[in-house]
Each structure stands twice: as C-alpha cells, then as structure tokens.
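Report on the structure given below.
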Amino acid sequence: MVHQIHPNIIRQGLFLVFLILIGIIIVKEMFFLLGAFLGAVTLYVIMRPAMLILVLKKKWKKWIAALLMMGVSVVILMIPMLWFLSYAITLLKPVFQNPDLLNQTLNQLHEYIETRFSIDLLTTDNLKVIGSSLVGFGKNMFEGTMSSIGNIVIMYCILYFMLIETTSIEKWLRNNIPFKNKNVQKSMREFRNLVYSNALGIPLVALIQGGVGLLGYWILGVEQYILMGLLTAICSVIPLLGSMLIYLPLMVFELSQGRVWQGIGVGLWGFILIGSVDNLARLAIQKKLANIHPLITLFGAFIGVNMFGFLGIIFGPLMISMFFLLIKIYIDEFGIVNADEFSNTIANPEIPLTEQNQKPAE
C-alpha cells in the first residue's frame, strides 16, 4: 500500500518555505537598520517608566510626552556623543591616515623599557602588528559610528511609534510570544534588567572612570588630557585590564620623554584612584542592576564595535546576553527540567512527553 502525503501537509510545507524565504529577504535587506532598531528598543526600555507616568498619571497626550522624552535623550546622549566623535576624529585622523605615527610611539616605549629595565617585551614586527591592529580597530569603530549616525533619524522614528504605542506593543508581545506565561514574564523582566545593566551600567562606570582619569591627567599636565580621559572611559569596558590599557602606556610614555614626576604621578593616579573607582563603581552599580559576566562584556564589545561602531560597546553585550537568555528560556520550555520529570517519562513511555511536561495555566 502506497502512503500519500496529505494535501494539507504539502500546502503547509510550501507556505512555510515561502514565508521563510520572504523573512530571509526582509532580514537581509534591512540588516543595516539593526543598530537603529536596537537603539530604539534600548531607549524605549529606559524611557518607559517616565512615559507611563506622564501619560497615565499626568494625563499628557502621548505624542507630547514622546517628543519630550526624545528631546531629553538628544540633549543628554546624542549631543555629547557627537561632540566626542568630532573631537576624537579630529585628533586621531592623522594617526588613521599615517599609522607610522603610532608605530613610532610604540617603538619609543619599547626602546625605553628595554634600555631602562633590560626587558624586551616585543619584537619590532610584533609592534607593527599591534600598531596596525589598533589603527584598524579604531577605523572600524569610527567608520561604523559615522555610518550609524545616519540611522539615528530612523532610530527616533521607531522610538516615537514605540512610545506612543507602549500598551499595544506590550499586550501584543504577551499574547503572541510562544512561551509559557511564566517565561513571558521572566523574559520581559530579565530583558529589562539586561538593558539597564548594559545601557546604563556600562556607560556610568565608563563615565566615572573616564572623569577621574581626565581630572588626574589635567592636574599632572598630560598633553591631550581630554582625549586620554575619553580613551580611559572607552577602555574601561574591557574586563581585567580596562583603563590600565591607557594609563600604564601613558605612564611609560611620560617617563620616556623625561617627564619623570608626571609619569610617576600618572602611574600612582591610575593604580590607586582610577582602579579603586572602577571596582567601587562596578560593585555599587551591579547591586542595583543585572550582573553581566565580564567575558560577555569583552566579546560583546568587540563584536558590537565591528557591527555598530562606538554604540556597539552597549549593543554587543546586550545581544550576547539576550542570546543566552533565549537559550535558558528554550531549555525551560522544551527541555526536561528535573530528574522527577525524567523518571516519570521512563516510567510512563506511552504518555507523550509534551503531555507529561504540561503545567497548569498560570
């Protein structure tokens, strides 16, 4: 007897293939807007409590409250970021155009350490590789950031509609996310915590550490102290080494130029104050926000910078954190969550696993 495939199964299969193909095309053609979408979602999560207060308690019109929230974010976030970019690019443009400038500085540091302390850290070839890598990484960061600036307008368009449709969006998510009610609540709560930790925790620690560094560099008479402070803030997101990647080479550079007291001062300021502020700030902020593993921050920062430019420092760790959150929810949804359920499955093989794992509706 020949078994035939039911026509409904064929139609369903063709429909799914067609749907997947359209989805792939849409994702491929709109991938360049991923940064704008992530930025809108991040700002939405942060602005949501204030938006609800203005609309529900203060009885403001939604469009007025949304425009106010967006205006505040432009003043607090976008204007300082654009200033930083223009300032940093102006100073670092000669290095990008002529990488030999960075290689010369690295060679000076290497020669000073080798002559003064008889320590041969790296060969000349390795120094060139490090210099070219730093220049390439910097180029990717600023080029990606400049290209993403064009998405800021789109980001705010998305954000505007998300803010005025807050209740509708959240109601749709609750009704259509294919998870148990428990996991829907859990995913939304943990996603909010992840956004707060990445979008507020990382920049706050960087701002505090960069500010302390900038103050010390200014007091000690370091040239380009503003740029050094900004670079200290950026490097603070890197676990373990962090801002040490800035103040330690800066200390050696000052010593190699004959500015002994400035070099010693930079080293002491970095190890004692910048390092202490980093630990205290992270400890205080992590008590209030989600504790992100340092490796997630490290790999996320590198991935994010390559994809989104400077803002990738925030979006990269957020994407990886969400990936692991979805894995955890998947295991809870479809995995055997404990030994009792596994034993029940073995004892009652005639009962489908999906029925055994069903829980009462919450």
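Using the working numbering, the first residue of the sequence shown is number 2, and each one after it goes up by one.
We treat Cβ as the ideally placed atom computed from N, Cα and C, and that holds for glycine.
This structure is a prediction, so every number in the text was calculated from the model and none was measured.
The beta carbon of G313 is closer than 6 Å to those of G305, V306 in its chain, skipping five residues each way along the sequence. Contact annotation, F85 with L231: C-beta distance approximately 6 Å; criterion of less than 8 Å satisfied. Here the C-alpha atom of A234 lies approximately 14 Å from the C-alpha atom of N280. Taking a contact as a CB-CB distance under 8 Å, the pair M163 and G40 does not count as one, their CB atoms being some 11 Å apart. Linking V185 to N194 through their CA atoms gives a straight-line distance of about 14 Å. In terms of Cβ geometry, M252 and G222 do not form a close pair [threshold 8 Å].
With a threshold of 16 other beta carbon atoms within 10 Å, S87 falls short and is exposed. The beta carbon of L242 lies closer than 8 Å to those of C236 in the same chain, with the five residues before and after it left out.
When the alpha-carbon of I265 is set against those of I227, I11, Y218, V213, the nearest one is in Y218. Taking the Cα positions, R12 is about 10 Å away from I6.
Sixteen is the threshold: since fewer than 16 other Cβ atoms of the shown chains lie within 10 Å of the Cβ of Y331, the residue is exposed.
Rounded to whole angstroms, P204 and V18 show a C-alpha spacing of 43 Å. Under the three-state reduction of DSSP output, W173 falls in the helix class. Residue environment analysis places F33 among the exposed positions, since fewer than 16 neighbouring C-beta atoms fall within 10 angstroms of its C-beta.
I27 has its alpha-carbon roughly 17 Å from the corresponding atom of F16. Taking all protein chains shown into account, M31 has fewer than 16 neighbouring C-beta atoms within 10 Å of its C-beta and is therefore exposed.
Taken through DSSP and simplified to helix, strand or coil, E191 comes out as helix.
Check the Cα spacing between A89 and each of L249, F300, Q225: the tightest is with Q225.
The shortest C-alpha to C-alpha distance from M70 to any of G214, M48, N182 is the one to M48. Within its own chain, the residues whose Cβ lies closer than 7 Å to the Cβ of I170, once the five positions on either side in sequence are excluded, are M163, listed in chain order.
Beyond the five residues adjoining it in sequence on each side, P179 comes within less than 6 Å, by CB distance, of no other residue in the same chain.
Per DSSP, the unbroken alpha helix (DSSP H) holding K29 starts and ends at 8-31. Rounded to whole angstroms, the gap between the alpha carbons of F300 and N199 is 13 Å. Counting along the chain, G305 sits inside the alpha helix (DSSP H) bounded by residues 295-309.
In this structure, the straight-line span from the alpha carbon of G72 to that of K60 is close to 19 Å.
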